[in-house]
Each structure stands twice: as C-alpha cells, then as structure tokens.
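Trainee: For the sequence shown, the working numbering begins at 245 and goes up steadily by one. A virtual CB, placed ideally from N, CA and C, is assigned to each residue, including glycine. Note that this is a predicted model, so its numbers are computed, not measured.
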Amino acid sequence: MMKRLLAASLLGAMALIVAGGCQSGGGSSSTASGGDSGKKIKIGVSVPAADHGWTAGVIWWAKEAMALHPDIEWQFQTADTPQTQISQIETMMAGGLDGLVVLATESAPLTPVAEKVRERGIYLVNVDRGFLKPVADVFIEGDNKAFGRKSAEFIVNKLGGQGKIIVLEGIPSTVNTDRVNAANAVFKANPGIQVLDSQSGMWNRQKAFEVTQALLVKHPQVDAIWASDDDMALGAEQALKEAGRSNVWILGGAGMKDIVKRVMDRDP
C-alpha cells in the first residue's frame, strides 16, 4: 500500500507544479500555456531506472501524469547511478526549466545539484528519498519511521522477545535511514534480541539474495530477517530455501502485490 500511494504521489507532485504555475521563491508565476507569451512551461522529471518493482511503478505513474498534461513540455529522464542522474539534471537545467520533480537515486550525492536547482529559481518537488538539506519547495514522503518501528515490533513479538536477527538495508537515502534507525531502536529496547549483522541489499532482489547467502554462511543460527522492502524479502527467502534453512521469520514491507496476495492466501 505504501509503495502504491507513494508512486501515485508522483502524479500529484507533477500536477502540483502545473497547478502552481511553477512559482518558486522570488520567481514569477505563469500559466501552463506560458501566459501571454504562448511559451510552454518546461518541467523536468528525474527518477531512478526501473531496476525494482516500485521504481517501475513510479515510471508508469510519471508517464500517466505527463499524458494528462500535453500542453506541458516535459523532460523525462531515468538514471541507474547518482552520477548519471546529476548529469541529466544539469543538462535539463542548461536547457531551461520552470519546474523539476526528483526522486533521488541516493540522497547525499543529489543534494548539491538540488541546491543548484533551487538557486536557479526552478520550482523543486522532491519525492520519497529526501535531500540532506531542506532545499525543495515541496517534499512528499511516506512515514518511514513508523514503517521501521512497527515492522520491528512485529518481529520482536513473533520471536517472543528472544532471537537473532539479520537486517537488510536499502539504498543510502533518508528513506533507508529512517526505516533502519527506527527498527534498530526497537531491537535495542529488547535485550533478548541480537542483531547479528546489518548489510545493504540495495532494495534489489538479486543483491539481497547474494547478501543473505553470505550472511547465512557466516551465522549458523538466524531466527529472523528484517528486510526494509518486499523485493529484498523475496531475495532473502530464496537464499534460505537454497541453504535448506527453515523456521526463519522474514519481514519485508511496502505492499508488493505478490506479497499482499500471499498474505491474503495465508501463505505461511
């Protein structure tokens, strides 16, 4: 559910720029058609490449939003690395932009270019993965601290307050930081819970599979795997199956359709 709502929020973010006429601090506003000049408004959209179920959904929603506003001149780019995304944003800025919607590949490296966007007077909307400085005109995100806290409480409850846990982190970003810190706070508050290891699966099924394989070799007893994403949970599940390990709780999150169906089907 959270993933679907955040993906849909991209459409809302783009519509917000259109409705607001791309008015940024100190700038002047104009209509979607460019007011009296007849010049189209130019809006850039920069998101990560579709190497994950959720980012594929984000791209789908972005295209839906762009189709709703054919009077806008859209600049749409996807990137598989922070460096590529930075370069793409700089190119879009050089060509002239009135507004920009950004879902960062990673939070830290994208913050400086976001500052440049703001300095240019370009209306900036930041979705999900926050910048490290409050430079966006609008920031849209889910409650990732609650995500981490509630999911950790669930695991602790299922383990009866006693057990050894592996933590799978995501891409370095404010989303990952909020989820992991909130979960770790719960684990630390329960002395019977031992976090054996914490490594990044980059919110990617294959990467999580490989990381979990290595961690299962390193740790002969694992009672639960806390994964901050459903794709990573599926990767961890496959690693457990191939290792012949059973009776291990796996917790993902964010509402992948396949996982929701398994819950509805009471899959153990």
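At the level of alpha carbons, what is the spacing between G392 and R423?
Mentor: Your numbering for residue 392 matches position 148 in the sequence shown. Your numbering for residue 423 matches position 179 in the sequence shown. When rounded, the distance between both Cα atoms is 4 Å.
Trainee: What residue does the beta strand (DSSP E) around D441 start on, and which one ends it?
Mentor: Here residue 441 refers to the residue found at position 197 of the sequence shown. From DSSP, the beta strand (DSSP E) with D441 extends over 437 to 444.
Trainee: What's the C-alpha gap between F398 and T349?
Mentor: To locate residue 398, count along the sequence shown from 1; it is residue 154. To locate residue 349, count along the sequence shown from 1; it is residue 105. Cα to Cα, F398 sits roughly 29 Å from T349.
Trainee: Measuring straight from C-alpha to C-alpha, what distance separates G445 and A452?
Mentor: Working through the sequence shown from its first residue, we reach residue 445 at position 201. Working through the sequence shown from its first residue, we reach residue 452 at position 208. So the alpha carbons of these two residues sit roughly 4 Å apart.
Trainee: Can you find the residues in the same chain that come closer than 6 Å, C-beta to C-beta, to L368, ignoring five residues on each side of it along the sequence?
Mentor: For this step, residue 368 is matched to residue 124 along the sequence shown. Contacts found: L344, V361, R362, A380, D381.
Trainee: Assuming S442 contacts V411 under a Cβ cut-off of 8 Å, what Cβ separation, rounded to an integer in Å, is found between them?
Mentor: Along the sequence shown, read from residue 1 onward, the residue named residue 442 stands at position 198. Along the sequence shown, read from residue 1 onward, the residue named residue 411 stands at position 167. Between V411 and S442 the Cβ distance is about 4 Å, and since that is below 8 Å, they are a contact.
Trainee: Taking the alpha-carbon positions, what's the L440 to L341 distance?
Mentor: Indexing the sequence shown from 1 puts residue 440 at position 196. Indexing the sequence shown from 1 puts residue 341 at position 97. Going from the Cα of L440 to the Cα of L341 covers about 48 Å.
Trainee: Straight-line CA distance for W298 to A433?
Mentor: Taking the sequence shown and counting its residues from 1, the one referred to as residue 298 is at position 54. Taking the sequence shown and counting its residues from 1, the one referred to as residue 433 is at position 189. W298 and A433: Cα-Cα distance of roughly 31 Å.
Trainee: If you reduce the DSSP assignment to three classes, tell me which class L347 lands in.
Mentor: Residue numbering aside, residue 347 sits at position 103 when the sequence shown is read from its first letter. Looking at L347 - three-state DSSP - the assignment turns out to be coil, as it is neither helix nor strand.
Trainee: Answer yes or no: do D475 and R506 have a C-beta to C-beta separation smaller than 8 Å?
Mentor: On the sequence shown, residue 475 is found 231 positions in, with the first residue counted as 1. On the sequence shown, residue 506 is found 262 positions in, with the first residue counted as 1. In this structure, R506 does not lie closer than 8 Å to D475 by Cβ.
Trainee: Cα separation between M310 and I316?
Mentor: Counting from 1 along the sequence shown, the entry for residue 310 is found at position 66. Counting from 1 along the sequence shown, the entry for residue 316 is found at position 72. Cα to Cα, M310 sits roughly 8 Å from I316.
Trainee: Is it right to say T418 is buried, meaning 16 or more other beta carbons lie within 10 angstroms of its own, or is it exposed?
Mentor: Position 174 of the sequence shown, counting from 1, holds the residue named residue 418. Buried, since its Cβ has 16 or more Cβ neighbours within 10 Å.
Trainee: Let me make sure I understand the geometry here. Which of G407, E413, P512 has the alpha-carbon closest to that of D473?
Mentor: Translated into positions along the sequence shown, residue 473 becomes position 229. The option with the nearest alpha carbon to D473 is E413.
Trainee: Would you mind sorting P512 into buried or exposed? The rule is 16 or more other CB atoms within 10 Å of its CB.
Mentor: In the sequence shown, the residue the question calls residue 512 occupies position 268. Exposed, because fewer than 16 other Cβ atoms sit within 10 Å of the Cβ of P512.
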